[in-house]
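Participant:
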Amino acid sequence: MPTTATSTTPSIEEMTTFREALIEALKVPRSMSGQVFNTVTDTYACSTEEEIRIFFTSKLAELEEYELDLLLSPQFTAREDEKKAFASTFGLQQFSNDTVEFLAKDIQNEKIITPITLNSGDLAECLVSDILVERYISTLNLNKTIEPEIIELIKRDVPQHFQGLLGLMSRDGLYQFEKYRHVYADLIGSMKAQNSFSEEILTFMVDTIRTYKPQNLSDLTEKMDRLITSCTDDMARAEERGYHHHELKAGAAGNIHDAHEAIEVRAQYAEIIRKAKALQAVCV
Amino acid sequence: MNAVHDHLKQKFPDWYDGDRAQGVVDGYNNGAGSSQPADEFVAKSILPASTGASRDFSYIAPELPELNSENCVGCMDCVTNCPDTAILGKVVMPETLEAELAKIEDLEYREHVRAQFSETRKYYTAHQKKHDKDPENNPTEGGLFGIFIDPTKCKGCGECVVVCGDHDALKMVKKTSDNLPNYLSDFGFYRSLPASPLTHINAKDRRDIMLKPAAIKQYSGGAGSCMGCGEASVLRQVFAMTHEKVGDRYGIVASTGCNTVYASTYPYNPYSAPWTNSLFENGPADAMGIRALWDQRGNEDWVIWNIGGDGAMMDIGMNALSRLLASGMNVKVLILDTQVYSNTGGQQSTASYTGQESKMGAHGKAHAGKMEKRKEIAQIAMMHPNTYVAQTIGSQTTHFYKVIERALEYKGPAVINVFTTCQPEHGVADDMSATQARNAVKSRAFPLLIFDPDGGPLLSDRLSLEGNPSPKRDWVIEKDAAGNETPYDFLSWARTEGRFRKHFGKDGEPKDLGILVAKEDRLDNWRLLQQLAGIENEDFVAALKASKA
Numbered sequence: 648m649p650t651t652a653t654s655t656t657p658s659i660e661e662m663t664t665f666r667e668a669l670i671e672a673l674k675v676p677r678s679m680s681g682q683v684f685n686t687v688t689d690t691y692a693c694s695t696e697e698e699i700r701i702f703f704t705s706k707l708a709e710l711e712e713y714e715l716d717l718l719l720s721p722q723f724t725a726r727e728d729e730k731k732a733f734a735s736t737f738g739l740q741q742f743s744n745d746t747v748e749f750l751a752k753d754i755q756n757e758k759i760i761t762p763i764t765l766n767s768g769d770l771a772e773c774l775v776s777d778i779l780v781e782r783y784i785s786t787l788n789l790n791k792t793i794e795p796e797i798i799e800l801i802k803r804d805v806p807q808h809f810q811g812l813l814g815l816m817s818r819d820g821l822y823q824f825e826k827y828r829h830v831y832a833d834l835i836g837s838m839k840a841q842n843s844f845s846e847e848i849l850t851f852m853v854d855t856i857r858t859y860k861p862q863n864l865s866d867l868t869e870k871m872d873r874l875i876t877s878c879t880d881d882m883a884r885a886e887e888r889g890y891h892h893h894e895l896k897a898g899a900a901g902n903i904h905d906a907h908e909a910i911e912v913r914a915q916y917a918e919i920i921r922k923a924k925a926l927q928a929v930c931v
Numbered sequence: 021m022n023a024v025h026d027h028l029k030q031k032f033p034d035w036y037d038g039d040r041a042q043g044v045v046d047g048y049n050n051g052a053g054s055s056q057p058a059d060e061f062v063a064k065s066i067l068p069a070s071t072g073a074s075r076d077f078s079y080i081a082p083e084l085p086e087l088n089s090e091n092c093v094g095c096m097d098c099v100t101n102c103p104d105t106a107i108l109g110k111v112v113m114p115e116t117l118e119a120e121l122a123k124i125e126d127l128e129y130r131e132h133v134r135a136q137f138s139e140t141r142k143y144y145t146a147h148q149k150k151h152d153k154d155p156e157n158n159p160t161e162g163g164l165f166g167i168f169i170d171p172t173k174c175k176g177c178g179e180c181v182v183v184c185g186d187h188d189a190l191k192m193v194k195k196t197s198d199n200l201p202n203y204l205s206d207f208g209f210y211r212s213l214p215a216s217p218l219t220h221i222n223a224k225d226r227r228d229i230m231l232k233p234a235a236i237k238q239y240s241g242g243a244g245s246c247m248g249c250g251e252a253s254v255l256r257q258v259f260a261m262t263h264e265k266v267g268d269r270y271g272i273v274a275s276t277g278c279n280t281v282y283a284s285t286y287p288y289n290p291y292s293a294p295w296t297n298s299l300f301e302n303g304p305a306d307a308m309g310i311r312a313l314w315d316q317r318g319n320e321d322w323v324i325w326n327i328g329g330d331g332a333m334m335d336i337g338m339n340a341l342s343r344l345l346a347s348g349m350n351v352k353v354l355i356l357d358t359q360v361y362s363n364t365g366g367q368q369s370t371a372s373y374t375g376q377e378s379k380m381g382a383h384g385k386a387h388a389g390k391m392e393k394r395k396e397i398a399q400i401a402m403m404h405p406n407t408y409v410a411q412t413i414g415s416q417t418t419h420f421y422k423v424i425e426r427a428l429e430y431k432g433p434a435v436i437n438v439f440t441t442c443q444p445e446h447g448v449a450d451d452m453s454a455t456q457a458r459n460a461v462k463s464r465a466f467p468l469l470i471f472d473p474d475g476g477p478l479l480s481d482r483l484s485l486e487g488n489p490s491p492k493r494d495w496v497i498e499k500d501a502a503g504n505e506t507p508y509d510f511l512s513w514a515r516t517e518g519r520f521r522k523h524f525g526k527d528g529e530p531k532d533l534g535i536l537v538a539k540e541d542r543l544d545n546w547r548l549l550q551q552l553a554g555i556e557n558e559d560f561v562a563a564l565k566a567s568k569a
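Sequences listed follow chains A and B, in order.
In our numbering, each residue's number is its place in the first sequence (first place is 1) plus 647.
In our numbering, each residue's number is its place in the second sequence (first place is 1) plus 20.
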């Protein structure tokens, strides 16, 4: 497969590297997550440590593909740190669905066995089937479409050490529409002029375009004003949690996790406000 | 507008003024509730059915869930665990979707809607592969799956995101006046689609019941329950399954408690089935009367549910419950066990745990929270003649639906006691209903059990502890890769709940005897159940041997 200056199609060497990186990532030992444990104990009625061990070692092959997907996809969903690691090398490349399917079959021939540590401490050897490979790759986002104009822009204007990650994050059907490419380009242009690139602001920018769909920079500024207002209002209301018992209310913000208690809400929304203002500053 | 009519217009009896019902609901939605003319329904203490469907909560949620459809596997956990009927799934055939999308003129919006659907293995690949291989015997092709949020029902608890977990298909985003309209439009599109095809509703996976419009409508949302209420998601599941089994042939008697208050804040009623609110103490007696009348009329196959909290069923109305169970009448009892009087301000009940902080069980110098032990209604109910009994949790879906189905089939009284998280009284986060319930089971605070009188001649034939992890052990032992063992005991769970907070120091270690007594009580209860179920406890046997040696 030829690679030109603007092409995002990986070369054979890059495909090989990608394949090897995938195999390494899939081989990484995992601990059975609570979510998987719940499915095994509830859906498959495995209660004892022995039943769970037998299930993992000899029953997985009997499951239909969709059942395997429901059960094990949480363990083979790429985490943020894994996405970043792949993004640094492959973030600007395009792996088509056909490529992913081919790779999945090819990797399955390797008969990768991934050790999963069960709650009992036993190790279960899990054969990584093609559907789990496909799941992992698809959650890396690398097979999503990235618009050529976006790639050009990133390569031209974004510092190299952010390019891969931004390339990964910018795979969104929204950018097939010119107005969003314009917003994106304007923001990148402005960040370049201000020399204000950071992973945080780039991530917030991409998330903001997806969620709030600004039509242009002026619209984005106004939408960030409304986001700030919304956060500010909710911070003011954050104390009004309906604990009936004052002792519980007093203690809730201490050692008890509570996503809607005042301290956490204020901290979370203060962060959003800070980022929204930073993005507005880019719009200027 | 007209959600009430849409839902139920075919079923309005002659005396029921549907237009008036809609007028009242619209008045309240528009802030003009108090200027409504005197209402015939109120005069008769009647709330029209499913009016909750018209309630607009879009001013409440600070955040709304956002879907990344490509990560979604169609597990339906988010839909099942939502307490507000605010997140719904849909399977649609590709050609149907394309036809509907073609009606959207705005290309950008069309693509946005298209992106809400994905080819999951469960609904697409599993069918398509079989079809491709043998189309004659497998005429059904793959269906696309999408998740949609009703922003008029979502309170922003985030439970859906937690149960989605590592699938990473949902996250909460800040709601503003800019993204709210998109949710409304998306949900409008969802409503415009035909019902999910029955061919794609997986009979093996009971979570798929919630793909059926009739099942969803049994509890329409719009109830005044707290964000993330553990009771509401359980009620949704119970009545979805009830409708699955008997259609509309059921009714509800609700004993006073949270469930009656949030389900009857005038003029909003989330139920489509007829229901009546009785007092704390006489719900079972009320249900017996209705049962007797229906039986007299030849409607023996109709189902009557009596629902109530632990206060109603274990304290104030326990004698009525016992009378009902002794009668052998075919009444199903659902106990929403929050271990506290949630509705009246958090007083302790006999279901409260030892050491639990509550009103009338305050934690201070003289008393370290509740001093008594918890009453076990399941064991008491088991000793009534021919009574089916189960303890379960909504988030352990297979177990939950299994016991509800069996209770409905059982010819006689059935008691289903369900642990339901109460965020304000347990001191846990709004998105923790499913997690805390699961961990209550894991910690032996609330063991799962099924007692089926038809199970066999022995007590141990009838009592099953299936669904509890490590059923032969005292506690669930967790080992890490290095082989270090950590028991997940009652304390492990208690330290995650505000109601036990004062028993623990900043280092998380217990600082008084009260919580240790609670731990022993839970172990005693668990060992008793093991004995009754005929399960030999390996730890107990080992300890016994060691003490004799």
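Glycine residues also receive a C-beta, built at the ideal position from the N, C-alpha and C atoms.
For B:K522, which option in B:S78, B:G38, B:G447 has the closest C-alpha, if you only look at C-alpha atoms?
Facilitator: Mapped onto the second sequence, residue 522 of chain B falls at position 502. Considering only alpha carbons, the answer is B:G447.
Participant: What do you get for B:S572, buried or exposed, if any count of 16 or more other CB atoms within 10 angstroms of its CB means buried?
Facilitator: Outside the modelled stretch of chain B, which goes from 21 to 569, sits residue 572 of chain B, for which no answer is possible.
Participant: For the stretch 749-767 of chain A against the stretch 675-693 of chain A, do three or more pairs of beta-carbon atoms, one drawn from each stretch, fall closer than 8 Å, so that the two count as touching?
Facilitator: Yes: the two stretches touch, three or more of their Cβ pairs being nearer than 8 Å.
Participant: For a contact meaning CB atoms closer than 8 Å, what does B:D500 contact in chain A?
Facilitator: On the second sequence, position 480 is the one that residue 500 of chain B refers to. Within chain A, the residues near B:D500 are S678, T764, G768.
Participant: Grab me the residues of B:N504's own chain with a C-beta within less than 7 Å of its C-beta, minus the 5 sequence neighbours each way, in chain order.
Facilitator: On the second sequence, residue 504 of chain B is found 484 positions in, with the first residue counted as 1. Closer than 7 Å at the Cβ level, and outside the excluded window around B:N504, lies no residue.
Participant: Verify whether the separation of the beta carbon atoms of B:V323 and B:T262 is less than 8 Å.
Facilitator: As a first step, residue 323 of chain B must be located in the second sequence, where it is residue number 303. As a first step, residue 262 of chain B must be located in the second sequence, where it is residue number 242. In this structure, B:T262 lies closer than 8 Å to B:V323 by Cβ.
Participant: Exposed or buried, which one is B:V438 when buried takes at least 16 other CB atoms within 10 Å?
Facilitator: Working through the second sequence from its first residue, we reach residue 438 of chain B at position 418. By the 10 Å Cβ count, B:V438 comes out buried.
Participant: Report the option in B:S567, B:R256, B:W546 whose CA atom is closest to the CA atom of B:L354.
Facilitator: Within the second sequence, the letter at position 334 stands for residue 354 of chain B. Checked all of B:S567, B:R256, B:W546; the closest Cα to B:L354 is B:R256.
Participant: Residues in the stretch 864-885 of chain A with C-beta within 7 Å of chain B's C-beta atoms, listed in sequence order?
Facilitator: Listed by position, the residues of the stretch 864-885 of chain A near chain B (Cβ gap below 7 Å) are K870, R873, L874, S877, C878, D881.
Participant: If we cut at 8 Å on Cβ distances, does A:T850 have a partner in chain B?
Facilitator: If you number the first sequence from 1, residue 850 of chain A lands on position 203. So no, A:T850 is outside the interface.
Participant: Going by C-alpha to C-alpha distance, which of A:E727, A:I699, A:E667 sits closest to A:M816?
Facilitator: Here residue 816 of chain A is taken as the residue at index 169 of the first sequence, counted from 1. Among A:E727, A:I699, A:E667, the Cα nearest to that of A:M816 is on A:E727.
Participant: Could you tell me how far apart the beta carbons of B:A398 and B:Q411 are, in whole angstroms, since I believe they sit closer than 8 Å?
Facilitator: By one-based count along the second sequence, residue 398 of chain B stands at place 378. By one-based count along the second sequence, residue 411 of chain B stands at place 391. That belief holds up - the Cβ atoms of B:A398 and B:Q411 are roughly 5 Å apart, short of 8 Å.
Participant: Skipping 5 residues on each side, what residues in its chain have a beta carbon closer than 7 Å to that of A:L864?
Facilitator: Here the question's residue 864 of chain A lines up with position 217 in the first sequence. These residues qualify, in order along the chain: V830, D833, C930.
Participant: Which residue or residues does DSSP assign as beta-bridge partners of B:S573?
Facilitator: This structure cannot settle anything about residue 573 of chain B, because the visible part of chain B is limited to 21 through 569.
Participant: Would you call B:A562 buried or exposed, if buried means 16 or more other Cβ atoms sit within 10 Å of its Cβ?
Facilitator: Here residue 562 of chain B is taken as the residue at index 542 of the second sequence, counted from 1. Looking at its Cβ environment, which holds fewer than 16 other Cβ atoms inside 10 Å, B:A562 is exposed.
Participant: Going residue by residue through the stretch 262-348 of chain B, where are the continuous beta strand (DSSP E) segments of at least 3 residues, counting only ones entirely within it?
Facilitator: Correct list: 270-275, 295-298, 323-329.
Participant: Let me make sure I understand the geometry here. Which of B:L344, B:A243, B:N350, B:F300 has the alpha-carbon closest to that of B:E321?
Facilitator: The residue given as residue 321 of chain B occupies position 301 in the second sequence. Correcting the residue type first, residue 321 of chain B is Asp in the shown sequence and not Glu. Ranking B:L344, B:A243, B:N350, B:F300 by Cα distance to B:D321 puts B:N350 first.
Participant: Just to confirm the assignment: which complete alpha helix (DSSP H) runs, minimum length 4, are found wholly within the stretch 715-745 of chain A?
Facilitator: You should have 727-737.
Participant: What are the start and end residues of the beta strand (DSSP E) that includes A:A914?
Facilitator: As a working mapping, residue 914 of chain A is identified with position 267 in the first sequence. That residue, A:A914, is in no beta strand (DSSP E); its alpha helix (DSSP H) goes 909-930.
Participant: For A:D728, which residues in chain B fall below 7 Å Cβ to Cβ?
Facilitator: Taking the first residue of the first sequence as 1, we reach residue 728 of chain A at position 81. Correct list: empty, because the minimum Cβ distance to chain B is about 13 Å.
Participant: What are the partner residues of A:I763, as DSSP defines its beta bridges?
Facilitator: By 1-based counting over the first sequence, the position of residue 763 of chain A is 116. A:I763 is bridged to A:R677, A:A771.
Participant: Is there a Cβ from chain A that is less than 8 Å from the Cβ of B:V93?
Facilitator: Locating residue 93 of chain B in the second sequence gives position 73, counting from the first residue. Cβ-Cβ to chain A under 8 Å: yes for B:V93.
Participant: Find out if the Cβ-Cβ distance for the pair B:G375, B:K390 is shorter than 8 Å.
Facilitator: Along the second sequence, read from residue 1 onward, the residue named residue 375 of chain B stands at position 355. Along the second sequence, read from residue 1 onward, the residue named residue 390 of chain B stands at position 370. For B:G375 and B:K390, yes; Cβs fall inside 8 Å.
Participant: Leaving out five residues on either side along the sequence, give the residues of the same chain with a beta carbon under 6 Å from the beta carbon of A:G889.
Facilitator: Translated into positions along the first sequence, residue 889 of chain A becomes position 242. Confidence at A:G889 is low in this model, with a pLDDT of 47, below 50, so its placement is unreliable and the value that follows should be read with caution. So the list is empty, once near-sequence residues are dropped.
Participant: What alpha helix (DSSP H) runs, 4 residues minimum, are completely inside the stretch 102-162 of chain B?
Facilitator: The stretch 102-162 of chain B contains these whole alpha helix (DSSP H) runs: 114-121, 127-134, 146-153.
Participant: Let me see if you follow: with CB-CB separation under 8 Å, is B:V44 close to chain A or not?
Facilitator: Position 24 of the second sequence holds residue 44 of chain B. With 8 Å as the cut-off, B:V44 does not count as an interface residue toward chain A.
Participant: Can you list, in chain order, the residues of its chain whose CB lies under 7 Å from that of B:G476, leaving out five sequence neighbours each side?
Facilitator: By 1-based counting over the second sequence, the position of residue 476 of chain B is 456. Taken in chain order, the residues that qualify are R482.
Participant: With 16 other CB atoms within 10 Å as the buried threshold, where does B:L511 fall?
Facilitator: Position 491 of the second sequence holds residue 511 of chain B. B:L511 should be labelled buried.
Participant: In terms of residues, what are the limits of the beta strand (DSSP E) holding B:A243?
Facilitator: Here residue 243 of chain B refers to the residue found at position 223 of the second sequence. It is not in any beta strand (DSSP E) - B:A243 carries neither H nor E in the DSSP assignment.
Participant: Going by the DSSP bridge assignment, what does B:T435 pair with across the sheet?
Facilitator: Taking the first residue of the second sequence as position 1, residue 435 of chain B is located at position 415. The sequence given here has Val at residue 435 of chain B, not Thr. BP columns for B:V435 point to B:V353, B:V409.
Participant: Ordered along the chain, which non-local residues of its own chain (more than five positions away) have a Cβ less than 7 Å from that of B:G72?
Facilitator: Counted from its first residue, the second sequence places residue 72 of chain B at position 52. So the qualifying residues of the chain are S240, G241, G242, A243, Y288, N289, P290.
Participant: Less than 6 Å between C-beta atoms, sequence neighbours within five positions excluded: which residues of the same chain meet that for A:F703?
Facilitator: As a first step, residue 703 of chain A must be located in the first sequence, where it is residue number 56. Only A771 meet the Cβ criterion.
Participant: Counting only beta-carbon separations shorter than 8 Å, does A:L717 have a partner in chain B?
Facilitator: The residue given as residue 717 of chain A occupies position 70 in the first sequence. A:L717 counts as touching chain B.
Participant: Suppose contacts are defined by Cβ-Cβ distances below 8 Å. Is A:L813 in contact with A:I798 by that definition?
Facilitator: Walking along the first sequence from the start, residue 813 of chain A turns up at place 166. Walking along the first sequence from the start, residue 798 of chain A turns up at place 151. No, Cβ-Cβ distance for A:L813 and A:I798 is not below 8 Å.
Participant: Within its chain, find whatever has a CB closer than 7 Å to the CB of B:P217; leave out the 5 residues flanking it on each side and keep chain order.
Facilitator: Here residue 217 of chain B refers to the residue found at position 197 of the second sequence. Result list for B:P217: V111, M113, G163, in chain order.
Participant: So that I know if they touch, is there some Cβ in chain B lying closer than 8 Å to that of A:D689?
Facilitator: Residue 689 of chain A sits at position 42 when you count from the first residue of the first sequence. Yes, A:D689 counts as interfacial toward chain B.
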